[in-house]
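Here the structure is laid out as structure tokens; the discussion comes afterwards.
Numbering (the working numbering), first residue to last: 74 to 351.
Structure follows, in structure tokens:
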């Protein structure tokens, strides 16, 4: 068991259903799964800026129409926001230059998502990308196994850009149960030669419909063996969907987490998770 502490750090008014988070230069970049904006929150000044990711963006987009941005990743000056792929309207990837504060590209990933589904034998109704990592040379996509088949799958491939040719591989994982419900990937971040991931247990067998939240865990995948080397339950009640590194030293890693409360209330709680690493 890894030693950890979890504390509420602060709350941000103006963001709802937070699903992805990145910490850069004492600011947080956040997406909400029912919003068309990338939010930029300056921690010192507490100022909140909104950057459009889609045409005619709004907050609290109705469920059947929302782009469902569930994952954020960054490399150098680019932040990438990804739709979950759980419906045909949720296949968008947006590239945002965080230094120039503007959207620079938008792509439809329907072909890539279909390739993933076929490669890993995931039915469209069980496909739900909730974590993406890009380190400049490799891409990692995490499918949340909250559908009937519980397919928690990590896709990985070597490519600088998503439109390049690449060889894909996938690994399926059995994640711990919480109160009898299998937990499923909700976000991840790469640190050294490991992927740290969040997973949540939610009493539903649908990638579309929400269910009762039963808690969240953190875990780590060794990228050499592609095996999970630890998991640790961190909450009995929170649905953590965003993970970013805050501070890192030899003995302790501090992460910032955001929570999706599945409501229309525009308020987001940011938590700090301190994890002692032996």
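Here a beta-carbon is modelled for each residue, glycine too, at the ideal position from N, C-alpha and C.
It should be emphasised that the depicted structure is a prediction, and the values quoted were computed from it without experimental measurement.
Handout entry: Minimum C-alpha distance to residue 87 - residue among 142, 97 and 103
Key = If we check each option's Cα against that of residue 87, 103 comes out closest.
Exercise for the section: With residue 190 as the anchor, note down where its alpha helix (DSSP H) starts and where it stops. Expected result: Counting along the chain, the alpha helix (DSSP H) containing residue 190 begins and ends at 183 to 193.
Handout entry: Minimum C-alpha distance to residue 186 - residue among 254, 201 and 179
Key = Nearest of 254, 201 and 179 to residue 186, Cα basis: 201.
Exercise for the section: State buried or exposed for residue 297, treating a residue as buried only when at least 16 other CB atoms are found within 10 Å of its CB. Expected result: Exposed, since its Cβ has fewer than 16 Cβ neighbours within 10 Å.
Problem - Short Cβ contact (7 Å threshold) for residue 142 with residue 156 - result: Cβ distance < 7 Å, so residue 142 and residue 156 count as in contact.
Problem - Cβ-based neighbour list, residue 299, same chain, cut-off 7 Å, excluding 5 preceding and 5 following - result: If we look at residue 299 and ignore the five residues flanking it on each side, its Cβ neighbours are 244.
Problem - contact_flag[the stretch 318 to 335, the stretch 90 to 99] where n(CB pairs < 8 Å) is 3 or more - result: Taking 8 Å as the limit for Cβ pairs, the verdict is that the stretch 90 to 99 does touch the stretch 318 to 335.
Practice task
Please confirm whether residue 258 and residue 316 have their CB atoms less than 7 Å apart.
Solution key: With contacts defined by Cβ atoms closer than 7 Å, residue 258 and residue 316 do not form a contacting pair.
Exercise for the section: Within 10 angstroms of the Cβ of residue 264, are there 16 or more other Cβ atoms? Answer buried if so, exposed if not. Expected result: Classification of residue 264: exposed, given that the 10 Å Cβ count is below 16.
Problem - Any alpha helix (DSSP H) of 4 or more consecutive residues that is wholly inside the stretch 180 to 264 - result: Segments of the alpha helix (DSSP H) lying fully in the stretch 180 to 264: 183 to 193.
Exercise for the section: Helix, strand or coil for residue 299, going by three-state DSSP, please let me know. Expected result: Assignment of residue 299 by DSSP, reduced to helix, strand and coil, places it in the coil class.
Practice task
Quick one: give me the first and last residue of the beta strand (DSSP E) that residue 109 is part of.
Solution key: Counted as a single uninterrupted DSSP element, the stretch harbouring residue 109 is not any beta strand (DSSP E), since DSSP gives it neither H nor E.
Exercise for the section: Pick helix, strand or coil for residue 115, following the three-state DSSP scheme. Expected result: Reduced to three states, the DSSP call for residue 115 is strand.
Problem - Nearest candidate by alpha-carbon position, reference residue 108, set 128, 101, 118 and 271 - result: Among 128, 101, 118 and 271, the Cα nearest to that of residue 108 is on 128.
Practice task
Determine the contact status of residue 146 and residue 85, defining contact as a CB-CB distance below 7 Å.
Solution key: No, the pair does not count as a contact, with Cβ atoms beyond the cut-off.
Handout entry: Cβ separation of residue 195 and residue 165, assumed to be a contact under 8 Å, to the nearest whole Å
Key = At roughly 19 Å, the Cβ-Cβ gap does not stay under 8 Å, so residue 195 and residue 165 are not in contact.
Exercise for the section: Starting from residue 170, trace the beta strand (DSSP E) both ways and give me its first and last residue. Expected result: Residue 170 -> beta strand (DSSP E) spans 165 to 170.
Handout entry: Three-way DSSP call (helix, strand, coil) for residue 323 in this model
Key = In the three-state reduction of the DSSP assignment, residue 323 falls in the coil class, being assigned neither a helical nor a strand state.
Handout entry: As assigned by DSSP and simplified to three states, the class of residue 158
Key = It is coil, neither helix nor strand.
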